[in-house]
Structures are given as structure tokens and as C-alpha cells.
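Protein chains in written order, with the working numbering: chain A, 1136 to 1394; chain B, 6 to 495.
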């Protein structure tokens, strides 16, 4: 197949121009509120895609095999969030997905001692929250309480001679939490948020904390740097699947667009 | 060495309680409408400082911090709080974790957090106290409560990532920041009642030293800004409408069921009730309760209990002549470390408080507060396997309390708390902890009273991989009580 190089260059030029034009429009577009939109009486939305450098650690047991996932290295992947709001109320949706592969010692009654096998582990987390802001809008910080659900998907393939063992596990759990937001001068803002949940519905326990530092590039676009730590413990007595002291943590780099 | 530390702490505690009544007397004058002329009243009350009114008159325009935030000084103070312990670890203790390099920083960023294995006192008391230093570096340089909270989070994060060459500890980050907010703000408020910009001479010196001991970062900020030697007006919100302090000293008997045989030792308790939890709801920590207990020779650890309960936000629900109901979002910090139990952490509670007035003299206070544990630690029997004699976790709880008061002085108090911790790190499983605390305190002569307490700790631990554990620990107290503030507010 022959690719028309002139066509590719033209598309590339137009796409680049479109991105810059959008940024320029965003920069000069009138807006009456800051990034967090505290008490904004009008409907607004936020789109926040990020690069997600994830580090996954945990022990998985399933069927007749057990292995330790992760080697404390970062894996480049993607995450994002969407937020809509009006006044004190917000709806927040997030998704994070990562995939890692490696070799590790695999235990099991039918597996030879010290057997080292390859694994491929995909992990996706999606959340949906409703949040309400407390306190006065006349300050440079905000405190929100949020409640919602988290869905988790595990896809694990482990090469155990002569074949491959496969585990597909997913669950849904309730989550409650809080988010604190602070303006830090005109150019920066920060958030700290955390949540706890599950307590037997879905996983046994789930616990998360995250902090974000944002640089306000324009009134509509922010560059964000965030760190996130999520830990959970999941056991399915029907399938025998165990996710023990499972930690997903890492760094987000993103652009946040508010419309 | 331990005796020396206890003696030092007890001396500091006693010093602060001795300063408090003086602060309370001043509160009586400044908490009324005559705040603007409080200096003249103080001159009458404190005849050994005859120059005070002249000094105030001359320097009435002296400016004290802070109408604006002082970023540079905040960064210097937080940097100092980081560099000093690092220097000590690196060059005095010769601690290998203090050998820093670009490689170690990169590794920490790449590998992220883990849970550490430090002992309970280090993780659940020393780190939160350190977080209070970060917090008060901001607080004493013009930042608000919430802005200073951001400094506590940021300072703790930087230390975990770059202050040591081992991986950052997620438990340290949270315990330092959240606990530091509670400790920092309560000490900040307490120190503000001690410092008196209008005082001079010996009294001023003692007040500056006392405030510095209570709030070192605030004291350092005053020193750097030259405010220690400057006279002028005090901040209008220096005092809440009510401050109550109690000092109890007596004996504590630990019943059988502890890790050792029953024993008896001395104990000292200090309690500060700052503001009215049913009235002062406007700003964070406008009202809080601060309690510390120092145990005697029958305990390995001097500080047996340290507890802070502060209001973050509140709302009056209803009020009549007979009863007042309020809601208060509370931050809780608790540290209990003695031979019978080791538990504590930080939590948020939704507290429904009521005050039922029976007469002009007697009232009953009640409290119902469901709570969420942000980070909590509870002792575990399986340190050989988990490398730590306590488990970290999260969960929820219910706190109930009732107190009968005579002229706002508590006579009978009963508190019950049930806490469920799901372990995140340590031995997989759960801990149910139940606490019963009862107190009878009978006023005797003047400020002196006599009292007794019965405490009961019950722990029901269910482990996934180890045998379950059930423990029941009673404690008995008898003490003399000194209401160090009552004379000022009756």
C-alpha cells in the first residue's frame, strides 16, 4: 500500500493548526470563573486526559496458581476524567487503564518448584461520582464530598507450560470520599482527594489518595501533575481469585480543558 | 534518659497550664466589648509591668503578622524543618537512609510509595507532630487554615520523596499531613492565647518562651519578624469566648488482661477545651478539645494518650431555651500507646451535638458521631510475620458521648466508641475496637476537685491467616483535679 506523503503532511499540518487554534480560542474566550468553578451558577464541563505512568504491585492467586505482580517500575498508559457541574453539584467520571507484562515465580500445587513464567496483566478502573461542595464560595478553597461507584477489571494471562492460564475478574464497589481544592496564587491550584469504600461489596476494602498540582496556562487550560495511590484487597470465594495488597500508584501528566 | 524526657515534657506541660490561667484572665477582659482597651485593664491586673500602657501608647501602630502571606519565610521555615532532621540523620546518627543522591530521588519517584515498618510512636505521634511544624510554618506566616493544610500535605510529600533514600511511606505522608493539621492548628490556637503583644518585662519573656514551646514555628516566625520584642495590639480573635483547662494528677491501675500483669503507676492528664463546640462553628478549630495523658513508671511510653477533636465546619440545627442541637464536621486525631493497647490515627466524624438545659445550673451534653477512618493503626500479635506490631487500615466507627455539667463544669462523663478497621497493611483481617471511658469529677474547694475514671478497652481481631484474638483491658483512675481556668469564667 502506497501512502500519499503529501496527503499525510497536509493532514498533519491541519491537525496541528486546529490544536493551536483551539488553544488560542480557549485563551481569549470569556469565562467568569476559575478552574474549580466554585459556585458557578452556569453549567460547565471539564475534560482532563492524562498520561498515566502506573506502578502496579500485588499478589494474585487464582485456580491453582499464585504470583506476585509488578516490579515497582512505571508503565506508560492512559487515564482521563470528565466532570460536569452546576452550583454546588458535580458529576465526575474517571477511567484509568494500564497493562504490564513480566516474568515472575509462579507457585501452585501442580507447578514445579521455582518455576518462572511470563504474565500479561491488564488493569482498568472506571469511577462515577456525584459530589457536593460544602461551605462558603467566598474563599479561595473548596471542600467537596463525593459518593459513587468504582468498577475494576482484571485481565491476567499466565504462561504455565504446556498452556496458558487465564483469569478474567471484575467487580463493582461503592466509594465515598472528599476532595479539597486550594487556589495558590493566580497561576497555580492544588487538590488533595481521597476515598474509602467497598467494605465487602466488591472488594473487601479499597482506599485511595491523590494530589494534584496544576498550572493555569490559560483561563480554560491547565497543565496538571498528579500522584495517585490506590490500594485494595479483593477475594472471590466462588472463583478463588485473590488480589492481595494490590497497589496501583503512579504519576499523571495532563491537560485540563474547561468549557 | 526516658525519665529526663518525661520530666521535660511534664515541665513544659505544667508551664503551659500555669500560663493558661493568666491567659484566661486576660480573656475575661478581651473577650468582651472592651477588647480595644484591654491594655488599660491589664495594667490594673498586672502591676509588676507598670510601663505597659506607655509602651502600648507609643507603639500602638506596631504591625504584627499577617495581613499578607509571606511565601519566602514559609519556604525557609519548611526547608529548615526538613534540612535539620536530615542533617541530624546524615551526620550525627550516621543513618544510611539519609544518604541522598539523584539516583535515590529518581528511584523513589519511579517506585512510588510503600508502607513502612517504623514503630507506633514514630509513625502515629512523631510524624504527625512534624506535620504540625509544616502546618504552622504556613499558619504563622499569613496563610489560612486550609492553605496551611496544603503546606502540611506538600511538606510531608517532599520529605517522603526526597528526604530519605528509601521509598516514600504512604502511611507517613497521610499521617503526617492529616495529623499535622490537627496538632498544628490546636497548638497554634493555644499559643495565640499565651502570646501577649501588650505584655512587657518578665511576663513578656515567659509568655514568649511558653508560646515558643507550644508552637515552635510560630515562635520562630515571631523571632524572625522581630515581634518578640515589639509591643502592640493583640489580634481581636486571640481568645475564644470560652477556654477551659484541667490538670489531673493521681494513680492509674491497669487491670489484668494487658500484655503483662496488673500494675499501678502515677498519671497526669491535661485537657484543654477551646471554644464552645455547640456555639463556635464558624471557622476550622474555632472549638476543639485537646487531651494528653502522661503515664508513670509502670509504662514504657511516657505519653499514653494524645487526643484532639476539632470542628472543621458546623451548623446550628435548632435552638430553644431548653435544648440546642448542632451539626459539626470534626477532625479527630488519636494516639493511645500503653501496655494494654496501641491504637490511633486520624478520622473525620459527622457529629450531632446537643445541650439539654435542666436549669440555669445544670445541663446535659450529648453527642452522636459516625466516623470514617482516614488512616488508623491497631496493635497486632503477629509482628514476627508482619515486621510491625500493629496493622494499618481504614474503616468506620460510631462515637457516642454524654456529659452532665454543673455551671459548664463536667461532673459525670460517659463516652463510648466502636471502631472497625479493615487492614490495608500488616496481617490481613479486621479489628473491632471498643472504648468505654467514664469519669466522675466532684468539685471540692475552689478550683480543686476529686475524681475517678473507669476505662475499658475491648479488641476483637479477626485475621485471615492467623488465629483470632480477643482482648479486654480495664483501667481505673483516682486523681485530684485542678480546674485551672474556672476562676476566670465563672
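Glycine is no exception: its CB is placed at the ideal position from the N, C-alpha and C atoms.
First and last residue of the uninterrupted beta strand (DSSP E) at residue i
i: residue 253(B); result: 248 to 259
i: residue 212(B); result: Here residue 212(B) belongs to no beta strand (DSSP E); instead the alpha helix (DSSP H) covers 206 to 219.
i: residue 386(B); result: No beta strand (DSSP E) contains residue 386(B), which DSSP labels as neither H nor E.
i: residue 172(B); result: Where residue 172(B) is concerned, there is no enclosing beta strand (DSSP E), given that its DSSP letter is neither H nor E.
i: residue 1269(A); result: 1251 to 1269
i: residue 394(B); result: Taken as a continuous stretch (DSSP letters only), residue 394(B) belongs to no beta strand (DSSP E), as it is neither H nor E.
i: residue 341(B); result: 328 to 342
i: residue 1212(A); result: 1210 to 1221
Buried versus exposed, by CB contacts within 10 Å (16 or more), residue i
i: residue 1371(A); result: exposed
i: residue 73(B); result: exposed
i: residue 1376(A); result: buried
i: residue 278(B); result: buried
i: residue 248(B); result: buried
i: residue 1267(A); result: exposed
i: residue 175(B); result: buried
i: residue 234(B); result: exposed
i: residue 1195(A); result: buried
i: residue 1240(A); result: exposed
i: residue 390(B); result: exposed
i: residue 1336(A); result: exposed
DSSP three-state assignment for residue i, whether helix, strand or coil
i: residue 423(B); result: strand
i: residue 286(B); result: coil
i: residue 1275(A); result: coil
i: residue 1192(A); result: strand
i: residue 1325(A); result: strand
i: residue 115(B); result: helix
i: residue 489(B); result: coil
i: residue 350(B); result: strand
i: residue 1360(A); result: strand
i: residue 407(B); result: strand
i: residue 1197(A); result: strand
i: residue 371(B); result: strand
i: residue 120(B); result: coil
i: residue 1177(A); result: coil
i: residue 303(B); result: coil
i: residue 320(B); result: strand
Alpha-carbon spacing of residue i relative to residue j, whole angstroms
i: residue 83(B); j: residue 445(B); result: 43 Å
i: residue 98(B); j: residue 130(B); result: 21 Å
i: residue 309(B); j: residue 275(B); result: 12 Å
i: residue 1222(A); j: residue 1312(A); result: 19 Å
i: residue 1243(A); j: residue 96(B); result: 48 Å
i: residue 426(B); j: residue 472(B); result: 17 Å
i: residue 1303(A); j: residue 161(B); result: 38 Å
i: residue 56(B); j: residue 230(B); result: Per-residue confidence for residue 56(B) stands at a pLDDT of 36, beneath the threshold of 50, marking its modelled position as unreliable; no derived number is given.
i: residue 1193(A); j: residue 430(B); result: 12 Å
i: residue 1181(A); j: residue 388(B); result: 47 Å
i: residue 1238(A); j: residue 107(B); result: 28 Å
i: residue 402(B); j: residue 202(B); result: 43 Å
i: residue 307(B); j: residue 1287(A); result: 46 Å
i: residue 87(B); j: residue 489(B); result: 37 Å
i: residue 1265(A); j: residue 1314(A); result: 12 Å
i: residue 442(B); j: residue 153(B); result: 33 Å
i: residue 411(B); j: residue 454(B); result: 13 Å
i: residue 474(B); j: residue 374(B); result: 27 Å
i: residue 371(B); j: residue 1257(A); result: 51 Å
i: residue 365(B); j: residue 246(B); result: 18 Å
i: residue 116(B); j: residue 1345(A); result: 16 Å
i: residue 378(B); j: residue 327(B); result: 34 Å
i: residue 207(B); j: residue 360(B); result: 42 Å
Where the alpha helix (DSSP H) containing residue i begins and where it ends
i: residue 94(B); result: No alpha helix (DSSP H) contains residue 94(B), which DSSP labels as neither H nor E.
i: residue 1237(A); result: Looking at the DSSP string, residue 1237(A) is not in any alpha helix (DSSP H); the run it does join, the beta strand (DSSP E), is 1224 to 1242.
i: residue 139(B); result: 132 to 144
i: residue 166(B); result: 150 to 167
i: residue 190(B); result: 175 to 199
Return the residues of the stretch 1304 to 1329 of chain A that lie within a Cβ-Cβ distance of less than 8 Å from chain B, sorted by chain order.
Under the 8 Å Cβ criterion, the stretch 1304 to 1329 of chain A contributes 1311, 1313, 1315, 1317, 1319, 1325, 1327, 1329.
Residues of the stretch 1228 to 1252 of chain A with a CB closer than 8 Å to any CB of chain B: list them in chain order, please.
Correct list: empty, as no residue qualifies.
By the 7 Å beta-carbon criterion, what residues does the stretch 106 to 117 of chain B contribute toward chain A?
Per Cβ criterion, the list reads 115, 116, 117.
Members of the stretch 176 to 200 of chain B near chain A, C-beta cut-off 7 Å:
Those would be 179, in chain order.
Listed from N- to C-terminal order along the chain, which residues in the stretch 431 to 460 of chain B have their beta-carbon within a distance smaller than 8 Å of any beta-carbon of chain A?
Residues passing the 8 Å Cβ filter: 433.
What are the residues in the stretch 1378 to 1393 of chain A lying within 9 Å of chain B by C-beta distance?
Hits within the stretch, in order: 1379, 1380, 1382, 1384, 1385, 1386.
If you measure beta-carbon to beta-carbon, which residues of the stretch 1344 to 1364 of chain A are closer than 7 Å to chain B?
The residues in question are 1344, 1346, 1364.
Under 8 Å, CB to CB, which of the residues in the stretch 344 to 366 of chain B have a partner in chain A?
Within the stretch 344 to 366 of chain B, the qualifying residues are 353.
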